[in-house]
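Going letter by letter, the sequence shown gives residues 3 to 411 in this note's numbering.
Okay, so here's the structure we're looking at.
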Amino acid sequence: MAVFQWTGIDAKGKDVKGVRDADNPKILRVLLKKDGILATAIEEEHVAQARARSAGEVDFARMFERVSTDDIALLTRQLATLLHSGVPLVESLSALIEQVDKPALQSALTQIRDRVNEGTSFAEALQGHPKIFEALYYNMVAAGEASGTLDTVLDRLADHLDASSALRGKVIGALAYPAVMLLFTVTVVGFMMVVVVPQVTGIFEDFDQVLPWYTRLLIFISNTITDYWWLLFGLFGGAVWGFVRWIRTDSGRAVFDARILQLPQVGDLVMLIAVARFSRTLATLLASGVSLLTALDITKRVLGNVELMGVIEDARESIREGESIAAPLKRSGKFPPIVTHMIAIGERSGQLEAMLEHVAVAYDNQVSVRVNTLTSLLEPVMIIVMGIIVGSIAMSILMPMMQMSEFIG
(Lines of atoms letter the chains of each structure in order from A and count residues from 1; the text may use other names and numbers.)
(Lines give C-alpha, C1' and ligand atoms only; values in the text may rest on other atoms or scores of the structure.)
Protein backbone atom coordinates (compact mmCIF):
# COMPACT_ATOMS: atom_id res chain seq x y z
CA MET A 1 0.00 0.00 0.00
CA ALA A 2 0.97 3.62 -0.50
CA VAL A 3 0.21 6.71 1.56
CA PHE A 4 -1.72 9.46 -0.23
CA GLN A 5 -2.51 13.07 0.52
CA TRP A 6 -5.99 13.97 -0.65
CA THR A 7 -8.29 16.96 -0.83
CA GLY A 8 -12.01 16.89 -1.46
CA ILE A 9 -15.49 18.15 -0.66
CA ASP A 10 -17.65 16.57 2.03
CA ALA A 11 -21.44 16.14 2.07
CA LYS A 12 -21.91 19.67 3.48
CA GLY A 13 -19.89 21.23 0.67
CA LYS A 14 -16.88 22.05 2.86
CA ASP A 15 -13.29 21.63 1.68
CA VAL A 16 -11.56 18.81 3.51
CA LYS A 17 -8.16 17.16 3.26
CA GLY A 18 -6.23 14.35 4.88
CA VAL A 19 -3.77 11.49 4.62
CA ARG A 20 -4.84 7.90 3.96
CA ASP A 21 -3.35 4.67 2.68
CA ALA A 22 -4.67 2.63 -0.22
CA ASP A 23 -3.44 0.35 -2.98
CA ASN A 24 -3.88 3.04 -5.61
CA PRO A 25 -5.68 6.37 -6.18
CA LYS A 26 -8.71 4.73 -7.77
CA ILE A 27 -9.39 2.59 -4.68
CA LEU A 28 -8.83 5.56 -2.41
CA ARG A 29 -11.35 7.58 -4.39
CA VAL A 30 -13.91 4.80 -3.86
CA LEU A 31 -13.14 4.62 -0.13
CA LEU A 32 -13.55 8.38 0.25
CA LYS A 33 -16.81 8.29 -1.67
CA LYS A 34 -18.16 5.73 0.82
CA ASP A 35 -17.32 8.24 3.57
CA GLY A 36 -19.30 10.93 1.76
CA ILE A 37 -16.27 12.75 0.37
CA LEU A 38 -15.79 13.68 -3.28
CA ALA A 39 -12.05 13.60 -3.91
CA THR A 40 -10.76 16.49 -6.02
CA ALA A 41 -7.02 15.71 -5.81
CA ILE A 42 -5.04 12.63 -4.78
CA GLU A 43 -1.25 12.46 -4.68
CA GLU A 44 1.26 10.14 -3.05
CA GLU A 45 2.58 11.73 0.12
CA HIS A 46 6.27 11.65 -0.75
CA VAL A 47 5.53 13.13 -4.19
CA ALA A 48 3.40 15.89 -2.66
CA GLN A 49 6.09 16.73 -0.12
CA ALA A 50 8.81 16.83 -2.79
CA ARG A 51 6.66 19.09 -4.98
CA ALA A 52 5.96 21.41 -2.04
CA ARG A 53 9.67 21.67 -1.21
CA SER A 54 10.65 22.41 -4.81
CA ALA A 55 7.91 25.05 -5.08
CA GLY A 56 8.90 26.62 -1.77
CA GLU A 57 5.50 25.91 -0.23
CA VAL A 58 5.29 25.65 3.53
CA ASP A 59 2.59 23.64 5.29
CA PHE A 60 2.38 25.59 8.54
CA ALA A 61 -0.22 23.24 10.02
CA ARG A 62 2.10 20.30 9.46
CA MET A 63 5.14 22.26 10.60
CA PHE A 64 3.65 23.08 14.01
CA GLU A 65 1.85 19.76 14.43
CA ARG A 66 3.17 17.92 17.43
CA VAL A 67 2.62 14.31 18.41
CA SER A 68 2.30 14.49 22.19
CA THR A 69 3.02 11.90 24.85
CA ASP A 70 -0.73 11.63 25.45
CA ASP A 71 -1.25 10.76 21.77
CA ILE A 72 1.34 7.98 21.96
CA ALA A 73 -0.06 6.70 25.27
CA LEU A 74 -3.58 6.46 23.84
CA LEU A 75 -2.31 4.80 20.69
CA THR A 76 -0.30 2.28 22.73
CA ARG A 77 -3.24 1.48 24.97
CA GLN A 78 -5.51 0.88 21.99
CA LEU A 79 -2.91 -1.31 20.27
CA ALA A 80 -2.50 -3.39 23.44
CA THR A 81 -6.28 -3.84 23.66
CA LEU A 82 -6.48 -5.03 20.06
CA LEU A 83 -3.63 -7.49 20.55
CA HIS A 84 -5.21 -8.75 23.79
CA SER A 85 -8.35 -9.46 21.76
CA GLY A 86 -6.42 -11.65 19.34
CA VAL A 87 -6.29 -9.20 16.42
CA PRO A 88 -3.03 -9.64 14.41
CA LEU A 89 -0.48 -6.83 14.61
CA VAL A 90 -0.84 -5.70 10.99
CA GLU A 91 -4.64 -5.55 11.24
CA SER A 92 -4.37 -3.74 14.57
CA LEU A 93 -2.12 -1.11 13.02
CA SER A 94 -4.52 -0.72 10.09
CA ALA A 95 -7.40 -0.13 12.51
CA LEU A 96 -5.41 2.54 14.34
CA ILE A 97 -4.45 4.27 11.10
CA GLU A 98 -8.13 4.72 10.29
CA GLN A 99 -8.88 6.63 13.50
CA VAL A 100 -5.70 8.68 13.98
CA ASP A 101 -6.40 12.33 13.17
CA LYS A 102 -2.85 13.70 13.05
CA PRO A 103 -1.32 13.34 9.57
CA ALA A 104 2.24 12.94 10.87
CA LEU A 105 1.26 10.07 13.16
CA GLN A 106 -0.98 8.54 10.52
CA SER A 107 1.83 8.62 7.97
CA ALA A 108 4.32 7.08 10.43
CA LEU A 109 1.90 4.29 11.38
CA THR A 110 1.23 3.51 7.74
CA GLN A 111 4.93 3.18 6.98
CA ILE A 112 5.42 1.04 10.10
CA ARG A 113 2.48 -1.19 9.14
CA ASP A 114 3.87 -1.67 5.62
CA ARG A 115 7.33 -2.58 6.91
CA VAL A 116 5.86 -5.07 9.40
CA ASN A 117 3.78 -6.55 6.59
CA GLU A 118 7.00 -7.02 4.59
CA GLY A 119 8.56 -9.05 7.40
CA THR A 120 10.38 -6.40 9.47
CA SER A 121 9.98 -6.65 13.23
CA PHE A 122 7.72 -4.10 14.89
CA ALA A 123 10.61 -2.70 16.94
CA GLU A 124 12.82 -2.19 13.87
CA ALA A 125 9.97 -0.46 12.05
CA LEU A 126 9.51 1.89 15.00
CA GLN A 127 13.18 2.88 14.92
CA GLY A 128 12.60 4.59 11.59
CA HIS A 129 10.57 7.28 13.37
CA PRO A 130 12.72 8.43 16.33
CA LYS A 131 10.94 11.80 16.61
CA ILE A 132 7.70 10.00 17.49
CA PHE A 133 8.82 6.75 19.11
CA GLU A 134 11.87 7.20 21.37
CA ALA A 135 14.46 4.60 22.35
CA LEU A 136 12.50 3.58 25.44
CA TYR A 137 9.52 2.68 23.28
CA TYR A 138 11.15 0.50 20.65
CA ASN A 139 13.46 -1.24 23.12
CA MET A 140 10.48 -2.29 25.22
CA VAL A 141 8.67 -3.43 22.08
CA ALA A 142 11.73 -5.47 21.07
CA ALA A 143 11.76 -7.13 24.49
CA GLY A 144 8.03 -7.84 24.23
CA GLU A 145 8.41 -9.36 20.77
CA ALA A 146 11.31 -11.53 21.92
CA SER A 147 9.39 -12.85 24.94
CA GLY A 148 6.04 -13.19 23.18
CA THR A 149 4.38 -10.74 25.60
CA LEU A 150 4.00 -7.73 23.33
CA ASP A 151 0.46 -6.95 24.48
CA THR A 152 1.49 -6.99 28.15
CA VAL A 153 4.56 -4.85 27.46
CA LEU A 154 2.43 -2.32 25.54
CA ASP A 155 0.05 -2.07 28.49
CA ARG A 156 3.00 -1.44 30.80
CA LEU A 157 4.40 1.11 28.35
CA ALA A 158 1.07 2.93 28.18
CA ASP A 159 1.01 3.11 32.00
CA HIS A 160 4.52 4.53 31.96
CA LEU A 161 3.63 7.17 29.36
CA ASP A 162 0.48 8.16 31.28
CA ALA A 163 2.47 8.53 34.52
CA SER A 164 5.20 10.54 32.78
CA SER A 165 2.61 12.81 31.19
CA ALA A 166 0.88 13.30 34.55
CA LEU A 167 4.17 14.28 36.20
CA ARG A 168 4.94 16.76 33.43
CA GLY A 169 1.42 18.15 33.70
CA LYS A 170 1.82 18.75 37.43
CA VAL A 171 4.97 20.79 36.92
CA ILE A 172 3.64 22.77 33.95
CA GLY A 173 0.31 23.42 35.67
CA ALA A 174 2.00 24.68 38.81
CA LEU A 175 4.22 27.05 36.81
CA ALA A 176 1.33 28.47 34.79
CA TYR A 177 0.19 30.97 37.45
CA PRO A 178 3.65 32.45 38.15
CA ALA A 179 4.23 32.74 34.40
CA VAL A 180 0.96 34.62 33.91
CA MET A 181 1.72 36.86 36.88
CA LEU A 182 5.18 37.65 35.50
CA LEU A 183 3.76 38.50 32.08
CA PHE A 184 1.08 40.68 33.69
CA THR A 185 3.67 42.48 35.81
CA VAL A 186 5.94 43.17 32.85
CA THR A 187 2.97 44.42 30.80
CA VAL A 188 1.69 46.76 33.53
CA VAL A 189 5.12 48.18 34.34
CA GLY A 190 5.94 48.60 30.65
CA PHE A 191 2.69 50.46 30.04
CA MET A 192 3.31 52.75 32.99
CA MET A 193 6.88 53.51 31.96
CA VAL A 194 6.08 54.16 28.29
CA VAL A 195 2.65 55.84 28.49
CA VAL A 196 1.81 57.03 32.00
CA VAL A 197 5.16 58.27 33.35
CA PRO A 198 6.06 60.53 30.35
CA GLN A 199 2.66 62.24 30.47
CA VAL A 200 2.69 62.85 34.22
CA THR A 201 6.34 63.86 34.57
CA GLY A 202 5.96 66.35 31.71
CA ILE A 203 4.43 68.82 34.14
CA PHE A 204 7.66 68.88 36.17
CA GLU A 205 9.43 70.73 33.35
CA ASP A 206 7.39 73.89 34.02
CA PHE A 207 8.67 74.17 37.58
CA ASP A 208 12.13 75.35 38.48
CA GLN A 209 12.61 72.78 41.22
CA VAL A 210 15.16 70.07 41.84
CA LEU A 211 13.44 66.70 41.69
CA PRO A 212 14.24 63.88 44.12
CA TRP A 213 16.86 61.43 42.94
CA TYR A 214 14.34 58.59 42.66
CA THR A 215 12.08 60.70 40.41
CA ARG A 216 15.04 61.62 38.18
CA LEU A 217 15.95 57.93 38.01
CA LEU A 218 12.36 57.05 37.05
CA ILE A 219 12.34 59.68 34.29
CA PHE A 220 15.71 58.43 33.01
CA ILE A 221 14.49 54.82 32.86
CA SER A 222 11.24 55.88 31.17
CA ASN A 223 13.09 57.97 28.55
CA THR A 224 15.56 55.16 27.92
CA ILE A 225 12.78 52.63 27.36
CA THR A 226 10.81 55.02 25.15
CA ASP A 227 13.74 56.22 23.03
CA TYR A 228 15.87 53.09 22.87
CA TRP A 229 13.35 50.26 23.06
CA TRP A 230 14.76 48.82 19.82
CA LEU A 231 18.25 48.69 21.35
CA LEU A 232 16.95 47.09 24.54
CA PHE A 233 15.06 44.45 22.55
CA GLY A 234 18.19 43.81 20.51
CA LEU A 235 20.35 43.41 23.61
CA PHE A 236 17.79 41.12 25.21
CA GLY A 237 17.49 39.04 22.05
CA GLY A 238 21.28 38.86 21.74
CA ALA A 239 21.61 37.76 25.36
CA VAL A 240 19.00 35.02 24.86
CA TRP A 241 20.67 33.90 21.63
CA GLY A 242 24.08 33.81 23.31
CA PHE A 243 22.74 31.88 26.27
CA VAL A 244 21.05 29.32 24.01
CA ARG A 245 24.24 28.91 21.96
CA TRP A 246 26.29 28.48 25.15
CA ILE A 247 23.94 25.98 26.74
CA ARG A 248 23.98 23.85 23.57
CA THR A 249 27.72 23.32 23.93
CA ASP A 250 28.88 20.35 26.00
CA SER A 251 30.79 22.51 28.47
CA GLY A 252 27.98 25.07 28.78
CA ARG A 253 25.33 22.41 29.36
CA ALA A 254 27.50 20.69 31.97
CA VAL A 255 28.06 23.94 33.89
CA PHE A 256 24.40 24.95 33.68
CA ASP A 257 23.07 21.56 34.82
CA ALA A 258 25.55 21.47 37.71
CA ARG A 259 24.51 24.97 38.85
CA ILE A 260 20.80 24.10 38.62
CA LEU A 261 21.26 21.26 41.12
CA GLN A 262 22.93 23.68 43.55
CA LEU A 263 20.08 26.21 43.57
CA PRO A 264 18.00 26.20 46.77
CA GLN A 265 14.50 24.73 46.34
CA VAL A 266 14.83 24.55 42.54
CA GLY A 267 17.74 22.11 42.70
CA ASP A 268 15.80 19.88 45.08
CA LEU A 269 12.81 19.90 42.75
CA VAL A 270 14.97 19.01 39.73
CA MET A 271 16.45 16.11 41.71
CA LEU A 272 13.02 14.85 42.79
CA ILE A 273 11.78 14.88 39.19
CA ALA A 274 14.93 13.15 37.96
CA VAL A 275 14.68 10.39 40.60
CA ALA A 276 11.00 9.82 39.78
CA ARG A 277 11.79 9.54 36.05
CA PHE A 278 14.81 7.32 36.68
CA SER A 279 12.93 4.92 38.95
CA ARG A 280 9.82 4.60 36.82
CA THR A 281 11.68 4.23 33.52
CA LEU A 282 14.16 1.67 34.85
CA ALA A 283 11.38 -0.32 36.53
CA THR A 284 9.33 -0.35 33.33
CA LEU A 285 12.25 -1.48 31.19
CA LEU A 286 13.41 -4.21 33.58
CA ALA A 287 9.87 -5.53 34.04
CA SER A 288 9.55 -5.72 30.25
CA GLY A 289 12.63 -7.89 29.89
CA VAL A 290 15.17 -5.30 28.74
CA SER A 291 18.70 -6.08 29.95
CA LEU A 292 20.04 -3.96 32.82
CA LEU A 293 22.87 -2.30 30.88
CA THR A 294 20.58 -1.41 27.97
CA ALA A 295 17.92 -0.19 30.41
CA LEU A 296 20.41 2.11 32.15
CA ASP A 297 21.62 3.47 28.80
CA ILE A 298 18.03 4.36 27.89
CA THR A 299 17.14 5.61 31.36
CA LYS A 300 19.96 8.15 31.54
CA ARG A 301 18.49 9.95 28.50
CA VAL A 302 15.24 10.78 30.29
CA LEU A 303 16.92 12.52 33.24
CA GLY A 304 17.40 15.81 31.41
CA ASN A 305 20.52 16.72 33.42
CA VAL A 306 24.05 16.12 32.13
CA GLU A 307 25.54 15.72 35.59
CA LEU A 308 23.04 13.04 36.59
CA MET A 309 23.46 11.37 33.20
CA GLY A 310 27.19 11.12 33.96
CA VAL A 311 26.37 9.42 37.27
CA ILE A 312 24.27 6.79 35.50
CA GLU A 313 26.96 6.23 32.87
CA ASP A 314 29.59 5.70 35.60
CA ALA A 315 27.22 3.31 37.36
CA ARG A 316 26.70 1.44 34.11
CA GLU A 317 30.44 0.93 33.71
CA SER A 318 30.74 -0.24 37.32
CA ILE A 319 27.90 -2.72 36.83
CA ARG A 320 29.62 -4.01 33.71
CA GLU A 321 32.61 -4.80 35.95
CA GLY A 322 30.43 -6.73 38.40
CA GLU A 323 29.19 -4.16 40.93
CA SER A 324 25.60 -3.74 42.07
CA ILE A 325 23.42 -0.79 41.00
CA ALA A 326 23.17 0.78 44.43
CA ALA A 327 26.90 0.99 45.17
CA PRO A 328 27.99 3.39 42.38
CA LEU A 329 24.86 5.50 42.80
CA LYS A 330 25.56 5.87 46.52
CA ARG A 331 29.23 6.59 45.85
CA SER A 332 28.35 9.47 43.51
CA GLY A 333 26.65 11.37 46.35
CA LYS A 334 24.05 12.73 43.92
CA PHE A 335 21.17 10.36 44.60
CA PRO A 336 19.34 10.59 47.95
CA PRO A 337 20.48 7.92 50.46
CA ILE A 338 16.96 6.55 50.86
CA VAL A 339 16.82 5.83 47.13
CA THR A 340 20.10 3.94 47.01
CA HIS A 341 19.12 2.07 50.18
CA MET A 342 15.80 0.95 48.68
CA ILE A 343 17.53 -0.08 45.44
CA ALA A 344 20.04 -2.15 47.46
CA ILE A 345 17.17 -3.88 49.30
CA GLY A 346 15.44 -4.55 45.97
CA GLU A 347 18.59 -6.10 44.53
CA ARG A 348 19.12 -8.37 47.55
CA SER A 349 15.49 -9.49 47.65
CA GLY A 350 15.13 -9.96 43.89
CA GLN A 351 12.32 -7.37 43.84
CA LEU A 352 14.20 -4.51 42.17
CA GLU A 353 11.40 -3.61 39.74
CA ALA A 354 8.80 -3.44 42.52
CA MET A 355 11.12 -1.39 44.74
CA LEU A 356 11.81 1.06 41.91
CA GLU A 357 8.06 1.45 41.37
CA HIS A 358 7.65 2.28 45.07
CA VAL A 359 10.42 4.88 44.77
CA ALA A 360 8.77 6.39 41.68
CA VAL A 361 5.36 6.67 43.38
CA ALA A 362 6.89 8.18 46.53
CA TYR A 363 8.89 10.75 44.58
CA ASP A 364 5.94 11.61 42.35
CA ASN A 365 4.07 12.52 45.52
CA GLN A 366 7.04 14.53 46.77
CA VAL A 367 7.17 16.40 43.46
CA SER A 368 3.50 17.32 43.85
CA VAL A 369 4.05 18.54 47.40
CA ARG A 370 7.20 20.50 46.51
CA VAL A 371 5.62 22.08 43.44
CA ASN A 372 2.56 23.15 45.43
CA THR A 373 4.82 24.57 48.14
CA LEU A 374 6.91 26.55 45.66
CA THR A 375 3.78 27.82 43.94
CA SER A 376 2.24 28.93 47.23
CA LEU A 377 5.48 30.79 48.02
CA LEU A 378 5.82 32.35 44.57
CA GLU A 379 2.31 33.80 44.51
CA PRO A 380 2.70 36.21 47.47
CA VAL A 381 6.31 36.99 46.53
CA MET A 382 5.33 38.04 43.01
CA ILE A 383 2.39 40.07 44.31
CA ILE A 384 4.70 41.84 46.78
CA VAL A 385 7.33 42.49 44.08
CA MET A 386 4.69 43.88 41.75
CA GLY A 387 3.32 46.04 44.57
CA ILE A 388 6.80 47.39 45.35
CA ILE A 389 7.49 48.25 41.70
CA VAL A 390 4.13 49.95 41.12
CA GLY A 391 4.31 51.64 44.53
CA SER A 392 7.81 52.96 43.79
CA ILE A 393 6.64 54.42 40.48
CA ALA A 394 3.64 56.02 42.15
CA MET A 395 5.78 57.46 44.96
CA SER A 396 8.33 58.84 42.50
CA ILE A 397 5.52 60.76 40.80
CA LEU A 398 3.38 61.79 43.76
CA MET A 399 6.12 63.01 46.10
CA PRO A 400 7.33 65.83 43.79
CA MET A 401 3.73 66.79 43.06
CA MET A 402 3.01 67.10 46.78
CA GLN A 403 6.14 69.21 47.26
CA MET A 404 5.07 71.44 44.37
CA SER A 405 1.61 71.94 45.81
CA GLU A 406 3.18 72.99 49.11
CA PHE A 407 5.52 75.37 47.26
CA ILE A 408 2.65 76.91 45.31
CA GLY A 409 0.49 77.15 48.42
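Even for Gly, the Cβ is constructed at its ideal location relative to N, Cα and C.
Do three or more CB pairs link the region 216-233 to the region 199-206 at distances below 8 Å?
yes
What residue range is occupied by the uninterrupted beta strand (DSSP E) comprising residue 315?
Not the beta strand (DSSP E): residue 315 falls in the alpha helix (DSSP H), residues 308-322.
Helix, strand or coil, according to DSSP, for residue 45 in the structure here?
strand
How is the alpha helix (DSSP H) around residue 194 delimited, first residue to last?
Counting along the chain, residue 194 falls outside any alpha helix (DSSP H), and DSSP gives it neither H nor E.
Alpha carbon to alpha carbon, how far is residue 308 from residue 222?
43 Å
DSSP beta-bridge partners for residue 19?
9
If distances are taken between C-alpha atoms only, which option among 14, 289, 124 and 298 comes closest to residue 39?
14
Starting from residue 334, trace the alpha helix (DSSP H) in both directions and tell me its first and last residue.
328-334
If you run the structure through DSSP and keep just helix, strand and coil, what is residue 40?
strand
Bridge partners for residue 125 per DSSP, in chain order?
BP columns for residue 125 are empty, so no partner.
Less than 7 Å between C-beta atoms, sequence neighbours within five positions excluded: which residues of the same chain meet that for residue 160?
75, 78, 79 and 82
Suppose you measure from the CA of residue 62 to the CA of residue 215; what does that come to, to the nearest Å?
Confidence at residue 62 is low in this model, with a pLDDT of 48, below 50, so the placement of that residue is unreliable and no value is reported for it.
Give me the Cα-Cα distance between residue 374 and residue 387, rounded to the nearest whole angstrom.
20 Å
Using the DSSP secondary-structure output, state which residues sit across from residue 289 in a beta bridge.
None, per the DSSP bridge assignment.
In whole angstroms, what separates the C-alpha of residue 114 from that of residue 95?
8 Å
Given residue 395, which residues of its chain have a CB within under 6 Å of its CB, disregarding the five upstream and five downstream residues?
194
Helix, strand or coil for residue 396? Go by DSSP, reduced to three states.
helix
If we call anything under 8 Å between Cβ atoms a contact, is residue 313 one with residue 336?
yes
Considering only the alpha carbon of each residue, which of 290, 257, 186 and 220 lies closest to residue 310?
257
With distances taken from CA atoms, which of 45, 17 and 10 is nearest residue 24?
45
Validate contact between the region 347-366 and the region 255-272 using beta carbons, cut 8 Å, 3 pairs
no
Classify residue 167 as helix, strand or coil using the three-state DSSP reduction.
helix
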